[in-house]
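Numbering (our numbering), first residue to last: 104 to 168.
So this is what it looks like as structure tokens:
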């Protein structure tokens, strides 16, 4: 959620931020993505398997994307 193009910070700016500033930036980017209509947001590729499993579970319960 924190990366370009939705995120407003470059990698260099991101590294210079405090934890609190990163949390705020990540939150803004996440909200922007949800406002665009996404159903799930992850910060790292390591979270992808869990995210896909959640989507599959939701679909198996009848949710439509």
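Cβ coordinates follow ideal geometry from the N, Cα and C atoms, glycine included.
Simplified DSSP assignment, three categories, for residue i
| i | result |
| --- | --- |
| residue 167 | coil |
| residue 146 | coil |
Contact with chain C by residue i, beta-carbon distance below 9 Å
| i | result |
| --- | --- |
| residue 130 | Given the protein chain composition of this structure (a single chain), no chain C is represented. |
N- and C-terminal bounds of the alpha helix (DSSP H) containing residue i
| i | result |
| --- | --- |
| residue 134 | 122-138 |
| residue 115 | 114-118 |
Cβ neighbour criterion (16 or more within 10 Å) applied to residue i
| i | result |
| --- | --- |
| residue 159 | exposed |
| residue 132 | buried |
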